[in-house]
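K.L.:
Numbering follows our numbering, with no gaps: position 172 of the sequence shown is 184. Every residue, glycine too, gets a C-beta built ideally from N, C-alpha and C. Source: prediction; values computed, not measured. Take this structure, written in structure tokens, and hold onto it; I'll ask about it next.
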Amino acid sequence: MAEVQEEVSNPYNARKPWHTEDKPSMGNADGLFYSEQQQATPDEEAPEEDAQPRKRTNYKKRYDDLKKHYDDKLSEFKQKEQELIAMAQAAKPAYAPPKSEEELESFKQEYPDLYNTVETVAHMQSQRQVADLEAQLQAMRQRESEVLRREAESTLKERHPDFEDIRGDAQFHEWAKEQPEQIQDWIYNNPNNVTLASKAIDLYKLETGMSQKQQPRQQQQRGTAADMVSTKTTSVDAKQPKVWTEREIAAMSLDQFDKYEDEIRQAMSEGRVVK
13 MAEVQEEVSN PYNARKPWHT EDKPSMGNAD GLFYSEQQQA TPDEEAPEED AQPRKRTNYK
73 KRYDDLKKHY DDKLSEFKQK EQELIAMAQA AKPAYAPPKS EEELESFKQE YPDLYNTVET
133 VAHMQSQRQV ADLEAQLQAM RQRESEVLRR EAESTLKERH PDFEDIRGDA QFHEWAKEQP
193 EQIQDWIYNN PNNVTLASKA IDLYKLETGM SQKQQPRQQQ QRGTAADMVS TKTTSVDAKQ
253 PKVWTEREIA AMSLDQFDKY EDEIRQAMSE GRVVK
């Protein structure tokens with residue numbers, strides 16, 4: 013009976029004929045030999061190469077050429093630009109602003125938005141100008157009013173030296189409250205009318221008897237003047253001046269008072285105004 017040879021298992025393909033172990037190569041005596049490099053001797057000459065002349069670049073000439081080319085192109089472009097601008101201006105239609113009402117109406121119909129914008133701008137400018145003028149006029153009016161008021165007070169003080177005392181007297185203001193509205197306007201709503209203010213003060217003095225209080229002083233002054241006259245002087249009959257009454261003066265109209273104002277004022281100063 014023939015024997016059956018069993019195949020021996022070879023796991024992981026170990027010990028195959030192509031399997032060889034990598035063994036490091038060991039050095040030998042020949043590998044330790046060092047041969048010195050031979051230096052070239054002066055007698056030995058390097059192989060000659062074909063000698064060719066080396067050309068040098070002239071950078072200055074290149075720069076000059078490039079700059080000349082740039083300047084020529086720049087001048088050419090500027091000339092073309094000026095020609096184009098001249099052509100555009102020549103082709104542009106001349107603008108003539110509308111002046112007459114017909115031209116303005118035509119402009120409004122053709123350019124309504126532009127017309128409204130221009131009108132708005134003009135209106136705003138006119139408003140600013142009017143406001144500036146109004147401010148200037150107001151300042152001028154105030155200065156003029158102040159000058160007139162000062163002049164009126166100066167004139168009133170000449171006619172009534174005691175004007176400052178009367179103006180600050182409470183009795184005068186109480187008297188003014190009892191007067192008609194017209195006379196109150198002469199006092200309180202009268203910035204520069206000296207005549208009306210003087211009339212109001214004259215009436216106040218007449219009704220309160222301030223003119224009578226000055227009478228003794230006037231008589232004393234006249235007596236003193238009489239004493240200075242020489243006794244040798246003959247007396248001359250003179251026409252006696254008129255004596256006014258307060259009732260008579262109060263009953264006068266404005267025109268009559270204006271007519272006799274100087275005479276009444278003189279009579280008040282001389283004490284010829286009685287009740």
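Grouping DSSP H, G and I as helix and E and B as strand, with all else coil, what is threonine 246?
P.N.:
Annotation note: pLDDT 37 at threonine 246 (below 50); position unreliable, no value reported.
K.L.:
Our contact map puts alanine 209 next to tryptophan 198 with C-beta atoms below 8 Å; I'd like the distance itself, whole angstroms only.
P.N.:
Their Cβ separation, rounded to whole angstroms, is 6 Å, which keeps alanine 209 and tryptophan 198 in contact under 8 Å.
K.L.:
Could you tell me if lysine 104 is buried or exposed, where buried requires 16 or more neighbouring beta carbons within 10 angstroms of its beta carbon?
P.N.:
It counts as exposed.
K.L.:
List the endpoints of the continuous alpha helix (DSSP H) containing lysine 69.
P.N.:
A small fix is needed here, since residue 69 is threonine in this sequence, not lysine. Element bounds for threonine 69: n/a, residue is neither H nor E.
K.L.:
Might you give, ordered along the chain, the residues of its own chain that have their beta carbon closer than 8 Å to the beta carbon of proline 253, omitting 5 neighbours on each side?
P.N.:
So the qualifying residues of the chain are Ala279, Glu282, Arg284.
K.L.:
From this set, Asp267, Val286, Asp274, Arg277, which residue's C-alpha is nearest glutamate 260's C-alpha?
P.N.:
The option with the nearest alpha carbon to glutamate 260 is Val286.
K.L.:
Classify leucine 126 as buried or exposed, calling it buried when 16 or more other Cβ atoms lie within 10 Å of its own Cβ.
P.N.:
Flag for leucine 126 reads exposed.
K.L.:
Assign valine 130 to one of three DSSP states: helix, strand, or coil.
P.N.:
Helix, per DSSP.
K.L.:
Between glutamine 233 and the rest of its own chain, which residues show a CB-CB distance below 6 Å, the 5 nearest in sequence each way excluded?
P.N.:
Because the pLDDT at glutamine 233 is just 42, under 50, the model does not fix this residue reliably, and the value given afterwards should be weighed accordingly. Excluding sequence neighbours, glutamine 233 sits near nothing in its chain.
K.L.:
Helix, strand or coil, according to DSSP, for valine 255 in the structure here?
P.N.:
If DSSP states are grouped into helix, strand and coil, valine 255 belongs with coil.
K.L.:
By the 10 Å Cβ neighbour count, where 16 or more other Cβ atoms means buried, how is alanine 108 classified, buried or exposed?
P.N.:
Exposed is the call here.
K.L.:
Taking serine 112 as part of the alpha helix (DSSP H), name the residues at either end of that continuous run.
P.N.:
No alpha helix (DSSP H) holds serine 112; DSSP gives it neither H nor E.
K.L.:
So, using beta-carbon positions, are proline 203 and leucine 160 closer together than 8 Å?
P.N.:
Yes.
K.L.:
Is glutamine 154 close to the ligand HEM? I mean its beta-carbon at under 7 Å from any heavy atom of the ligand.
P.N.:
The ligand HEM is not among the ligands present in this structure, which contains no ligands whatsoever.
K.L.:
Which term fits leucine 78, buried or exposed, when burial requires 16 or more other beta carbons within 10 angstroms of its beta carbon?
P.N.:
Looking at its Cβ environment, which holds fewer than 16 other Cβ atoms inside 10 Å, leucine 78 is exposed.
K.L.:
Any idea which residues DSSP pairs valine 286 with across the strands?
P.N.:
In the DSSP output, where bridge partners are listed per residue, valine 286 has Thr257.
K.L.:
Measuring only the C-alpha atoms, how far is glutamate 165 from threonine 207?
P.N.:
Glutamate 165 and threonine 207: Cα-Cα distance of roughly 11 Å.
K.L.:
Leaving out the 5 sequence neighbours to the left and right, which residues in its chain are closer than 7 Å to threonine 167 when beta-carbon positions are compared?
P.N.:
Cβ within range, chain order: Val206.
K.L.:
With DSSP collapsed to three states, give me the class of aspartate 76.
P.N.:
Residue state, collapsed to three classes: helix.
K.L.:
Measuring only between beta-carbons, confirm whether leucine 126 sits less than 8 Å from chain D.
P.N.:
Given the protein chain composition of this structure (a single chain), no chain D is represented.
K.L.:
In angstroms with no decimal places, state the Cα-to-Cα distance between tyrosine 200 and alanine 134.
P.N.:
Roughly 44 Å between the two C-alpha positions.
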